[in-house]
Amino acid sequence: MEKRTLYAVILSVIVITIGFTVQNLLYPPEPVPATAPATPAPQPEAPSTDPQAAPAPATDAPRPAPSFADGTVRAVPQEGISRQTRVFQNDVLRVTFTPEGGAVQSFELLEHLERGNPVQMVVTSANAPGANAGTPGSALDQSGFLLKFGGPDAAPVTDLFTFRRTDNPNVIEFYRDFYFSGRPEAPFRLVRRYVFQPGEYLFELQTTIENSVNEFIALDVNGIAYTITTAPQIGPSFTQLDGRQEFRRFLTHTGGRRRSVNVSSGSSQQVADRVDWAAIAGKYFVLIAVPGTADYRVTFSAVPAAGVPDAHRISVSRPVIRSARSTDTVRFYVGPKTPAHLERYNSANDNAFRTQNLNLDAAMETRMLLGWLENILKFALNAISRVVPNYGIAIIVLTLIVKLLLWPLTHKSYESTARMQSLSPKIQELREKHPDNPQKMNAEMAALYKKEGVNPLGGCLPMLLQFPFFIAMFGLFNNHFELRGASFIPGWIDDLSAPESIWNFGDFTLPFLGWNDLRLLPIIFVGTQILSSKLMQQPQANASQMKMMTYMMPIVFFFVLYNMPSGLLVYWIVTNVLTVGQQYYNNKIKKPAPAPVAAPAARASAAKKRSTKK
1 MEKRTLYAVI
11 LSVIVITIGF
21 TVQNLLYPPE
31 PVPATAPATP
41 APQPEAPSTD
51 PQAAPAPATD
61 APRPAPSFAD
71 GTVRAVPQEG
81 ISRQTRVFQN
91 DVLRVTFTPE
101 GGAVQSFELL
111 EHLERGNPVQ
121 MVVTSANAPG
131 ANAGTPGSAL
141 DQSGFLLKFG
151 GPDAAPVTDL
161 FTFRRTDNPN
171 VIEFYRDFYF
181 SGRPEAPFRL
191 VRRYVFQPGE
201 YLFELQTTIE
211 NSVNEFIALD
221 VNGIAYTITT
231 APQIGPSFTQ
241 LDGRQEFRRF
251 LTHTGGRRRS
261 VNVSSGSSQQ
271 VADRVDWAAI
281 AGKYFVLIAV
291 PGTADYRVTF
301 SAVPAAGVPD
311 AHRISVSRPV
321 IRSARSTDTV
331 RFYVGPKTPA
341 HLERYNSAND
351 NAFRTQNLNL
361 DAAMETRMLL
371 GWLENILKFA
381 LNAISRVVPN
391 YGIAIIVLTL
401 IVKLLLWPLT
411 HKSYESTARM
421 QSLSPKIQEL
431 REKHPDNPQK
441 MNAEMAALYK
451 KEGVNPLGGC
461 LPMLLQFPFF
471 IAMFGLFNNH
481 FELRGASFIP
491 GWIDDLSAPE
501 SIWNFGDFTL
511 PFLGWNDLRL
521 LPIIFVGTQI
531 LSSKLMQQPQ
541 ANASQMKMMT
551 YMMPIVFFFV
561 LYNMPSGLLV
571 YWIVTNVLTV
581 GQQYYNNKIK
591 KPAPAPVAAP
601 AARASAAKKR
611 STKK
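Below is the structure:
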């Protein structure tokens, strides 16, 4: 193998590294201003008033009310409010509500499992991995979709709300009366109404505020009436956010364009412009907030919460209310990040809420490099999986199809390698002829290659041709939702989208590497790659180059692929096995006849004649 071949291999490794980096790149974040100032927490007070009295609707034009500048909104005292949680369930989700603030305590996706249980999308200190769930009130202020009077930094409303039954089984409703400090005679009612539909991961959160007197509801903190804030984190649970196995990304969509908002840990950012929607996107699941018609403000927060150090929240703030009664609607999508579920909200005929043109599918991951090839492979894999129920077998079938498609090109490259082998005696003769003049030797070798019509880099073509497919397969196996939890060999390869493991070291971690699992697939990959490299060796390569290609390259890839999705390793192992078979076929069964080699005595006689002529 010539130096150009070695350079090609090194360049290929660089291409793979760049490919991995590009796979995880998103659009650069937009600059955003600081978040709104904090609002002091309200303190309880006990004025005497009738807690059950319904506020009277205003009939005339409302009168202006004093500005709500100090955050002193208090709940009207009321005894006997039940602390019983309420549960709503349809065919795709189960939601548990807490009367503290009329918020969501649990949001489970019934059709998607995590360790045998439904995926939990509301992660708080009570259910976060390693949290002390037995601590009383540990998640009281961390429930999902809590309401705050004022901006995102205000204290959440955690007073007990009364549950009210409605005629619609898809509606969960809570209410509580509040008043401004110093005005207990003029309470207003806050109603929180959750509207679901069968088969939908989208729901509506309706907030009604109605005054008992004929004047504006004086909720105004720097132009904000109230804020709805999500739980500290969305599910599923994770050990770390490494950007590949799991991640959380803040996204916005405005005017047909998706943007990524970069929020450093411990900080928050308010989006400057009005957005169509805002999202917290994970690898497979997403929470999307779709504000209503008012000029809502969106704030992203990565400020850690108690028991949830890796926190990611969305706050949707409603501007000042200019009436004695108002009802606002914010829609939330909490579910899988798949085109089938997200695209249905682009057409009113495809969803029960009759919404259209929401463009929620823009929350899907996009690949700038070889995305078209990944889409083709995804389509083929889905088609195969309809016939073959096991995704691992479907990957093997897909690998066979790819190998067959590349057969003409790889076969041509193998023929080029065989021709190079047949030229080995002539190349060796040139080396003996010009041992002290490498420039002359290389020039004559180039002339020989040109005369024989041989490309010295042709033998590397099979490896180079695999790289685009490798990068596309990486994106496919790392992001394809249907592969999440897809088992190939139960007990060993239980999730083709994640690394497999045959032994866990427990608390022990390998120094420098950070590994605490022994994986078998990378070892099998090294074995098949070494065997393939041995069969690809060219006689003209020197010993050091042969050793590097045969052993060093597979070892380098061993470390690169150790924590890659097992589906990717299955693909490459099967590719190596098929390559070995093809190489054996070309090297042994269809081995070309070797070029005639002059005997040593004849070569010596020819050399003697040349020296005599000189």
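Residue numbers (my numbering): 1 to 614. Heads up, the beta-carbon is just placed ideally off N, CA and C, and yes, glycines get one too.
Among the options, nearest to residue i - alpha-carbon criterion
{"i": "F174", "options": "S143, P554, S125, T98", "result": "T98"}
{"i": "L358", "options": "D507, T72, T252, S422", "result": "T252"}
{"i": "Y391", "options": "N375, N346, R484, V122", "result": "R484"}
{"i": "Y584", "options": "G102, K534, M553", "result": "K534"}
{"i": "G475", "options": "T399, Y345, F247, T366", "result": "T366"}
{"i": "N382", "options": "L398, E111, T124", "result": "L398"}
{"i": "V308", "options": "M473, I288, V123", "result": "V123"}
{"i": "I280", "options": "L360, E79, T227, R325", "result": "L360"}
{"i": "F467", "options": "Y449, S82, K412, L369", "result": "L369"}
{"i": "P339", "options": "M364, N586, R325", "result": "M364"}
{"i": "Q233", "options": "V213, S323, N127", "result": "N127"}
{"i": "V570", "options": "V556, R519, Q582, I555", "result": "R519"}
For residue i: DSSP bridge partner residues
{"i": "Y562", "result": "Bridge partners of Y562: none, in fact."}
{"i": "Y226", "result": "F149, R318"}
{"i": "Y333", "result": "L202, I288"}
{"i": "R192", "result": "F174, T207"}
{"i": "D517", "result": "N504"}
{"i": "N117", "result": "E114"}
{"i": "R313", "result": "S301"}
{"i": "I489", "result": "I493"}
{"i": "W277", "result": "H253"}
{"i": "Q270", "result": "T299"}
{"i": "Q233", "result": "V123"}
Neighbourhood of residue i by C-beta distance below 6 Å, restricted to the same chain and skipping five residues each side
{"i": "I217", "result": "F188, I209, N211, I321"}
{"i": "H434", "result": "K440, M441"}
{"i": "P522", "result": "F558, L561, Y562"}
{"i": "K148", "result": "A154, P156, T227"}
{"i": "R183", "result": "none"}
{"i": "S265", "result": "A302"}
Neighbour-count burial assignment, residue i, 16 or more Cβ in a 10 Å radius
{"i": "W492", "result": "exposed"}
{"i": "Q439", "result": "exposed"}
{"i": "R354", "result": "exposed"}
{"i": "I314", "result": "buried"}
{"i": "G144", "result": "buried"}
{"i": "P291", "result": "buried"}
{"i": "W372", "result": "exposed"}
{"i": "T21", "result": "Confidence at T21 is low in this model, with a pLDDT of 45, below 50, so its placement is unreliable and the value that follows should be read with caution. That one is exposed."}
{"i": "D328", "result": "buried"}
{"i": "F559", "result": "exposed"}
{"i": "E200", "result": "buried"}
{"i": "W503", "result": "exposed"}
{"i": "M552", "result": "exposed"}
{"i": "F469", "result": "buried"}
{"i": "A443", "result": "exposed"}
{"i": "I396", "result": "buried"}
{"i": "K403", "result": "buried"}
{"i": "Q23", "result": "Because the pLDDT at Q23 is just 41, under 50, the model does not fix this residue reliably, and the value given afterwards should be weighed accordingly. By the 10 Å Cβ count, Q23 comes out buried."}
{"i": "K450", "result": "exposed"}
{"i": "V87", "result": "exposed"}
{"i": "D273", "result": "exposed"}
Expected contact under 8 Å - CB spacing of residue i and residue j to nearest Å
{"i": "E114", "j": "P236", "result": "5 Å"}
{"i": "S317", "j": "P152", "result": "6 Å"}
{"i": "A294", "j": "S267", "result": "Going by Cβ atoms, the distance from A294 to S267 rounds to 26 Å, so no, they are not a contact pair."}
{"i": "P389", "j": "L496", "result": "Contact flag wrong, Cβ pair sits at about 13 Å."}
{"i": "V580", "j": "S501", "result": "26 Å between Cβ atoms; not a contact."}
{"i": "F300", "j": "V263", "result": "5 Å"}
{"i": "A306", "j": "S125", "result": "5 Å"}
{"i": "F285", "j": "K337", "result": "6 Å"}
{"i": "T410", "j": "L465", "result": "7 Å"}
{"i": "F180", "j": "G102", "result": "Not confirmed; about 20 Å, so no contact."}
{"i": "R249", "j": "S260", "result": "6 Å"}
Other residues of its chain near residue i: CB distance less than 7 Å, five sequence neighbours each side excluded
{"i": "V195", "result": "N170, V171, F203, E204, Q206"}
{"i": "F508", "result": "N516"}
{"i": "D141", "result": "P156, T158"}
{"i": "L110", "result": "V92, L93, R94, P118"}
{"i": "L190", "result": "Y175, R176, F178, I209"}
Closer than 8 Å: residue i CB and nearest the ligand ZN heavy atom
{"i": "Y551", "result": "Annotation note on the ligand ZN: not contained in the displayed structure, which lists no ligands."}
Cβ shell of residue i (< 8 Å), same chain only, five flanking positions each side left out
{"i": "H480", "result": "K378, L381, S497"}
{"i": "V298", "result": "T252, Q270, V271, V275, A278, A289, P291, I314, S315, V316, S317"}
{"i": "Q356", "result": "Y345, N346, S347, A348"}
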